[in-house]
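Each remark here refers to the structure printed beneath this line.
4 protein chains.
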Amino acid sequence: MIIVMKPGSGQELIDPVIERVRELGLNVHLSAGEERTIIGVVGLPLPPTLDEMLEVYPGVEQVVRVTKKFKLAGWDFHPNKTVFQVGEATIGGDEVTLIAGPCSVESEEQTLETARAVRAAGATLLRGGAYKPRTSPYEFRGLGERGLEILAAAREETGLGIITEVMTPGDVETVGRYTDIFQIGARNCQNYLLLEEVGKAGKPVMLKRGLSMMIEEWLLAAEYVMAQGNPDVILCERGIRTFETATRNTLDVSAVPVVQSLSHLPVFVDPSHAAGKRPFVAPLALAAVAAGADGLIVEVHPNPDHALSDGAQSLDFAEFRELTPRLAAVANAIGRSLPVPEGVSV
Amino acid sequence: MIIVMKPGSGQELIDPVIERVRELGLNVHLSAGEERTIIGVVGLPLPPTLDEMLEVYPGVEQVVRVTKKFKLAGWDFHPNKTVFQVGEATIGGDEVTLIAGPCSVESEEQTLETARAVRAAGATLLRGGAYKPRTSPYEFRGLGERGLEILAAAREETGLGIITEVMTPGDVETVGRYTDIFQIGARNCQNYLLLEEVGKAGKPVMLKRGLSMMIEEWLLAAEYVMAQGNPDVILCERGIRTFETATRNTLDVSAVPVVQSLSHLPVFVDPSHAAGKRPFVAPLALAAVAAGADGLIVEVHPNPDHALSDGAQSLDFAEFRELTPRLAAVANAIGRSLPVPEGVSV
Amino acid sequence: MIIVMKPGSGQELIDPVIERVRELGLNVHLSAGEERTIIGVVGLPLPPTLDEMLEVYPGVEQVVRVTKKFKLAGWDFHPNKTVFQVGEATIGGDEVTLIAGPCSVESEEQTLETARAVRAAGATLLRGGAYKPRTSPYEFRGLGERGLEILAAAREETGLGIITEVMTPGDVETVGRYTDIFQIGARNCQNYLLLEEVGKAGKPVMLKRGLSMMIEEWLLAAEYVMAQGNPDVILCERGIRTFETATRNTLDVSAVPVVQSLSHLPVFVDPSHAAGKRPFVAPLALAAVAAGADGLIVEVHPNPDHALSDGAQSLDFAEFRELTPRLAAVANAIGRSLPVPEGVSV
Amino acid sequence: MIIVMKPGSGQELIDPVIERVRELGLNVHLSAGEERTIIGVVGLPLPPTLDEMLEVYPGVEQVVRVTKKFKLAGWDFHPNKTVFQVGEATIGGDEVTLIAGPCSVESEEQTLETARAVRAAGATLLRGGAYKPRTSPYEFRGLGERGLEILAAAREETGLGIITEVMTPGDVETVGRYTDIFQIGARNCQNYLLLEEVGKAGKPVMLKRGLSMMIEEWLLAAEYVMAQGNPDVILCERGIRTFETATRNTLDVSAVPVVQSLSHLPVFVDPSHAAGKRPFVAPLALAAVAAGADGLIVEVHPNPDHALSDGAQSLDFAEFRELTPRLAAVANAIGRSLPVPEGVSV
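Residue numbers (this note's numbering), protein chains in the order written: chain A, 1 to 346; chain B, 1 to 346; chain C, 1 to 346; chain D, 1 to 346.
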């Protein structure tokens with residue numbers, strides 16, 4: 001950390017800063033320039049809020065943090081990309097992973113039918129919500145554990161690994177008995193006790209980005225999971241909140257290369273929640289693959305007009321089947337692959 | 001709800017929409033204009049996502065929700081402003097309520113000392129965090145139940161009612177044994193299971209606005225609490241996330257009159273988290289009172305330079321004591337009051 | 001336009017609204033439901049701010065504009081996509097157009113060298129700034145007319161059509177003597193007198209999206225140009241301002257399909273200004289093509305480390321030459337083309 | 001400026017950076033810490049984009065600008081607050097200045113009537129638009145020079161100084177023949193040629209903040225005006241664009257103390273454009289004064305329901321006359337004054 005003093009700040013302003021740094025068990029490296037003094041902080045670990053602590057001293061112009069706040073999620077101590085296996089899917093490797101399924105698990109029939117259809121079109125993991133966070137208390141909130149049983153039945157029949165959301169620490173054990181990947185939703189992205197609980201649960205975690213989460217905060221949320229000993233975290237961009245209302249959220253497609261420059265963790269994109277409207281899902285999915293996303297999570301429903309949630313942004317089976325070969329072609333174009341079953345073609 | 005069809009949409013496009021509405025147990029009122037047909041939806045209750053369901057039908061141009069999604073929080077069925085008592089403080093009445101105290105409870109001495117100081121300057125409630133949500137897993141996270149005991153001791157000595165944050169449903173019972181008001185932090189504003197749990201706990205709840213929460217979503221979050229039978233909810237604006245980085249967050253001071261136009265619930269402002277920097281706290285506090293806020297919650301610490309959290313935005317005792325009479329003067333200027341003890345003056 | 005009255009609004013509140021509508025030469029269609037009255041406005045043209053005028057009447061709950069505010073830019077009266085020719089480039093057709101060149105024209109050598117390099121790699125139009133808008137008055141502001149002469153010389157030699165920015169109505173004539181396409185920068189996107197002036201100048205116009213411009217406002221800006229009789233407008237997404245600072249701006253890649261759903265005008269993307277950092281330019285360029293952009297405009301410089309402006313986001317020749325075949329592959333993958341010269345390959 | 005190298009960056013990465021700095025006529029001060037090297041840049045002036053230039057060098061982790069980019073607008077070389085006189089109004093002093101008037105000058109009668117009314121209620125300057133920037137080309141655009149004549153007539157009769165918007169460099173001379181203060185609108189805040197032109201015109205300039213303008217950019221825009229020798233610049237906050245749609249824009253009331261901490265220039269607030277809706281104008285005006293604004297600019301119209309522009313956010317005479325004594329009371333409460341004529345009282 002570097003502390004830049006204001007021009008002309010004398011020793012009476014510099015000394016209290018040095019003293020405070022030393023109180024914290026750290027040391028300083030002084031560099032007195034012509035115009036101003038610069039104080040380097042030497043030693044580790046730095047308190048995470050050291051910059052804020054020091055900014056308030058009179059005489060301090062600026063405090064610059066040089067080291068990143070996240071460690072486990074960064075490249076520094078983990079020079080290889082994180083790759084792990086979930087069922088038949090290899091996550092974080094050369095293949096682009098395709099997760100698909102309904103927003104909510106509504107019934108066994110709806111879920112099995114969807115599982116078969118998305119598998120036939122190239123998906124290797126099945127998504128489906130059993131516990132649903134809803135903006136209004138008067139909306140459908142999911143089937144709960146019955147939903148989890150249905151997802152497990154779909155896995156049993158199709159072989160697809162499953163991913164489902166967990167909303168509260170008290171549900172981690174129950175959800176963990178069924179799911180292959182825990183999904184943490186955007187609204188819970190800074191629910192730290194939940195992050196720690198799934199960090200202890202021994203299964204991969206997909207961490208959706210919060211609507212107003214800076215990328216560094218997102219990596220710090222991953223750090224919460226990883227600090228519990230769980231290295232298998234997927235980051236999932238799903239749109240941020242901006243002034244533009246033409247889409248439900250604004251897909252920050254740049255987050256894909258930005259995260260990849262900062263972290264070894266796989267980055268996925270959820271084009272459905274970003275778009276919010278069916279006609280925009282396919283272009284965003286294609287863009288995400290072209291930008292280098294390691295995977296996609298797409299909402300698919302047998303009959304979107306009658307979906308109990310997110311119907312407006314769900315693809316039907318035909319739309320999804322038409323999309324996957326185009327995703328595969330874009331993946332090939334940038335030197336990756338997204339295998340689709342034979343017979344699925346444009 | 002009003003469904004506007006595209007110009008020239010024929011019966012073959014109108015019929016499926018009408019059919020869908022009727023399937024949901026509702027009725028329609030058709031109005032065929034020269035250019036386009038408008039379908040009014042008649043009956044109640046409307047499914048909260050009915051607009052999304054109908055928007056995807058071909059032929060539909062726009063769906064307009066006429067009724068608000070929130071009910072208990074709105075004026076329609078509750079024409080009087082919500083007013084309730086916590087200790088000596090009357091919340092939601094003519095008096096502007098002043099809550100103050102440290103970000104984190106760090107020790108008995110620090111907390112008691114602060115409680116005495118803020119009481120002497122005019123505060124009627126004491127804030128203090130025992131469970132702290134922190135962006136990084138490596139920061140100080142609060143003293144837990146020991147912190148609650150210290151707050152209770154401060155109440156015992158000073159008579160100030162207390163408010164403290166609860167972060168997870170499993171802690172509601174413990175925190176409820178000590179606190180007078182539950183605080184729900186910005187990061188948990190859409191942690192719906194937590195909202196319901198505090199809704200059942202029989203004590204007032206302060207609901208901080210999330211960093212990217214639209215005002216309607218905030219009122220729907222209040223609705224979660226109120227739907228459990230708890231009418232005593234305070235909404236607290238604490239800054240939203242925008243592109244401007246000069247302050248920690250951007251105080252949306254307009255939220256005060258906007259919420260008051262939509263809801264009978266009291267609206268408070270937290271100038272400390274909005275500002276993020278000590279010199280901006282006082283101007284924002286004054287602005288909030290002038291805009292009509294029903295109360296303020298301000299961070300105060302005996303020694304901000306050594307605070308374990310949020311030191312950069314905490315006032316010291318002298319700064320706070322200098323601020324309160326100015327707040328009182330502004331309150332008077334707009335026809336309200338904020339009583340400060342005798343002898344506290346500019 | 002539809003005016004929704006509040007429940008229980010009686011004739012004394014409805015009449016003034018009807019009267020106001022009639023004053024404006026329009027008529028009404030009344031629909032009295034059980035709970036509330038709905039007033040349809042019949043007749044054309046609607047004053048563009050009619051909704052605001054009527055919203056303030058007591059008794060009015062909501063005013064809903066049904067027709068779009070833009071006309072010339074929309075599909076309603078122009079059912080075919082706009083396609084036009086500039087030099088060798090066909091804009092808006094199946095081929096994806098590639099514009100490239102330096103941020104600023106710095107010298108004849110730099111410009112010619114770049115023109116040759118980008119042409120060899122597949123670009124069909126040359127960009128380059130002669131008049132530069134700069135955030136600070138102390139930065140390099142371009143060579144002015146000398147810069148235009150250099151661009152013309154580069155066109156002469158390479159055959160590439162040219163595009164350059166015009167910043168003020170007084171420069172339209174001069175710039176128009178040289179350029180093939182006028183570029184309107186993001187900061188001038190609502191400089192209406194400039195928009196009208198280029199609308200009269202008889203050459204295509206590229207209209208960059210403002211940093212905080214909603215898509216409807218952008219189409220209305222195009223409307224300003226088109227209302228002067230100029231149909232050849234290109235819309236160019238170049239990143240919007242959000243809370244995220246990891247990139248210079250946030251590329252709103254969704255704007256590509258959204259604009260295409262609303263307008264027949266071609267949509268381009270500028271990945272350089274969106275990214276702001278060289279390593280992110282290529283992923284964003286690829287994403288834009290995959291999302292269906294009709295063209296790209298990319299900053300390329302012989303020696304980005306020494307560029308007088310935007311060096312941090314400019315590609316060098318090798319990087320650009322490596323990118324174009326990948327863009328071509330993605331274009332092919334989605335059923336379009338982006339022809340690159342033989343011998344340019346991955 | 002301080003260049004922080006990545007840990008372990010050797011001499012082969014450090015040397016090119018030093019060389020580049022020296023090429024620019026600057027010098028370096030090297031500080032080799034245990035872990036990383038820090039390069040201080042010595043000498044002046046720094047190229048404004050030096051940070052961007054250096055960030056792209058391999059081995060560079062971060063470049064930190066220590067000095068501000070703006071000079072004339074900052075406190076460093078101008079330790080006293082800027083105060084100047086326009087007609088009877090002293091701007092930037094202890095008195096809070098009140099500007100009021102219609103959005104657009106519509107007729108002589110409307111303007112004179114409004115001028116008398118706002119003067120009687122306490123305003124000391126008259127606003128009114130003769131040239132109006134409108135989002136749609138189909139809206140009312142002002143009376144042009146005839147509007148300026150009407151404003152001058154109103155000044156003649158009432159003695160109020162006048163402020164009106166200029167939209168393009170070619171109009172500066174004409175507008176300057178009539179107005180006392182040039183207003184630069186939010187959409188033209190980075191129209192640099194216009195800023196320079198009014199900078200040369202020898203009259204005060206009010207610079208509205210752009211909808212997505214960071215405060216530093218705003219001060220740099222002021223710098224454009226001041227660099228032409230014009231010291232009398234007023235900065236006017238009028239709401240920024242955020243995700244919240246309940247108000248037309250989000251008033252960034254914090255901008256008042258933030259600008260005052262960075263600059264000696266007076267800061268005004270426009271509560272009308274921020275609110276966009278009449279009932280929110282008064283609370284925002286009061287908040288602005290409480291936060292320390294040096295003045296307000298408020299839209300007032302004899303008959304807002306029939307205004308040709310911005311009727312929804314204009315106060316009528318009674319509302320304005322009710323507001324001014326409350327503003328005066330708040331000004332007094334914070335130790336300033338806003339004189340209202342005798343007989344104007346709550």
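The beta carbon of each residue, even a glycine, is placed where N, CA and C say it ideally should be.
Contact with chain C by residue i, beta-carbon distance below 8 Å
i	result
A/G292	yes
D/R209	no
A/S337	no
D/N230	no
B/I2	yes
A/T250	yes
Minimum Cβ-Cβ distance from residue i to chain B less than 8 Å
i	result
D/D76	no
D/T97	no
DSSP beta-bridge partners of residue i
i	result
A/E237	A/V269
A/Q11	Partner(s): none; A/Q11 has no beta bridge.
D/G343	D/G343 pairs with nothing; no bridge assigned.
B/L207	B/I184, B/L235
D/V4	D/I38, D/Q62
Test: residue i CB closer than 8 Å to a CB of chain A
i	result
B/G351	The displayed coordinates of chain B run from 1 to 346. Any statement about residue 351 of chain B would go beyond what the structure contains.
D/H29	yes
D/E34	yes
C/R326	yes
D/V21	no
B/L143	no
Neighbour list for residue i in chain C, Cβ cutoff strictly below 8 Å
i	result
A/I215	E244, A246
B/I38	I2, S31, I38, G40
Chain D contact for residue i (CB, 8 Å cutoff)
i	result
C/S356	The question about residue 356 of chain C has no answer, for chain C in this structure spans 1 to 346.
A/V205	no
C/Q183	no
C/K69	yes
C/N303	no
Partners in chain B for residue i, counting only beta-carbon separations shorter than 8 Å
i	result
C/Q62	V64, V66
A/S136	P48, K69, F70, L220, E223
Contacts that residue i makes with chain D (C-beta to C-beta distance below 8 Å)
i	result
B/S314	Residues of chain D passing the Cβ test: none, with the nearest at roughly 17 Å.
C/E173	Near C/E173 there are no residues of chain D at all, since even the closest Cβ is about 13 Å away, more than 8 Å.
Chain-ordered neighbours of residue i on chain D, where CB pairs are closer than 7 Å
i	result
C/P169	T168, G170
Residue-level contact to chain E via CB, residue i, 8 Å cutoff
i	result
B/D310	Annotation note: the requested chain E is absent from the structure, which comprises protein chains A, B, C and D.
Chain-ordered neighbours of residue i on chain C, where CB pairs are closer than 7 Å
i	result
D/E52	G311, A312
Under 7 Å by beta carbon: chain B residues contacting residue i
i	result
D/I162	Correct list: empty, because the minimum Cβ distance to chain B is about 28 Å.
9 Å Cβ cut-off: residues of chain B touching residue i
i	result
C/I18	Going along chain B, no residue has its Cβ under 9 Å from C/I18, so there is no contact; the nearest lies around 16 Å.
Just list the beta strand (DSSP E) runs in the region 27-115 of chain B, keeping only unbroken ones of 3 residues or longer that don't cross its boundaries, in chain order. 27-32, 37-42, 60-64, 84-86, 89-91, 97-101
Taking any Cβ of chain C, which residues in the region 101-112 of chain D have a Cβ under 8 Å from it, in chain order? none
Fully enclosed by the region 250-333 of chain B, which beta strand (DSSP E) runs are 3 residues long or longer? 267-269, 295-299
Name, going along the chain, the residues of the region 252-264 of chain C whose beta-carbon falls closer than 7 Å to a beta-carbon of chain A. D252, V253, S254, V256, P257, V258, S261
Start-end ranges of the alpha helix (DSSP H) lying completely within the region 161-196 of chain D, minimum 4 residues: 172-178
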